[in-house]
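This report concerns only the one structure given below.
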């Protein structure tokens, strides 16, 4: 069974923060409300940007017609379920297709690097300025004590499809999935989803077949760390540095996805 250690652009992590109440003279309830609203708006914009990037990438790679691009159809559906505005979705499709007011020479780019604790990363992006993007990504690695460095040899590039399990047993799903050409599948612990691994060139075709019987939650290409390349982080200081580095990557709007070889990443 392949070990899957990745971070999906559509699975937005929830981080916990510890705050200490501060009593300030003249500090009003309204200022607190405005502050909270600003934070909420920023978080909403961040989430919308991730869905927008997923749509743009799907369009760039498979075309702007969701009826012939299951990856795009899934990305749009996920965005709609998370209340992303119709205008944002339409602009993302135009950006990926390079048409209309969003007409820019956007392209995908891949970066390799080593971060805190010697953890290897593959970082994907969609950008209209590769010089800007590589500068931002390099800065994130450097500030975390890491660097851009070859890491792709530590990963396998595979297609990834996530489906809802529903009422079927794993064995029932296994038979159906293998019949349509999938390489492997694994039940996501604690969730009603199945992750399916495919040859990258067959991902779209297999997803088209699976959507006839299953609800598809995600379609894409993933970089899965090789078993003998997994690393672990044991000390708290390094874990903190790692979390800060991940936060820095997620702040880069051009970054669409990232993958690591961290063992048992949550």
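In full-length UniProt numbering, the protein residues as written are 1 to 266.
Where a beta carbon is used, it is the ideal one built from N, C-alpha and C, also for glycine.
For residue 139, the enclosing alpha helix (DSSP H) has its first and last residue at 130-143.
Every alpha helix (DSSP H) stretch that sits fully inside the stretch 167-246 and reaches 4 residues is listed by chain position as 170-179, 203-210. As the crow flies, the alpha-carbon of residue 158 is around 6 Å from that of residue 221.
When the alpha-carbon of residue 61 is set against those of 180, 95, 81, the nearest one is in 95. Judged by DSSP secondary structure, residue 161 falls within the beta strand (DSSP E) whose first and last residues are 155-164. Per the Cβ contact rule, the stretch 195-210 is not in contact with the stretch 240-260 (fewer than 3 Cβ pairs under 8 Å). Assigned with DSSP and collapsed to three states, residue 152 falls in helix.
For residue 66, the closest C-alpha among the options 151, 204, 224, 143 is that of 204.
Bridge pairing for residue 109: 125 [DSSP]. Taking C-beta atoms under 8 Å as the contact rule, residue 248 and residue 143 qualify, at a distance of about 7 Å. In this structure, the straight-line span from the alpha carbon of residue 104 to that of residue 128 is close to 6 Å.
Taking residue 206 as reference, the option from 185, 116, 54, 235 with the minimal CA-CA separation is 185. Rounded to the nearest whole angstrom, the C-alpha separation of residue 87 and residue 98 is 16 Å. Residue pairing of residue 255 in beta bridges, as defined by DSSP: 125.
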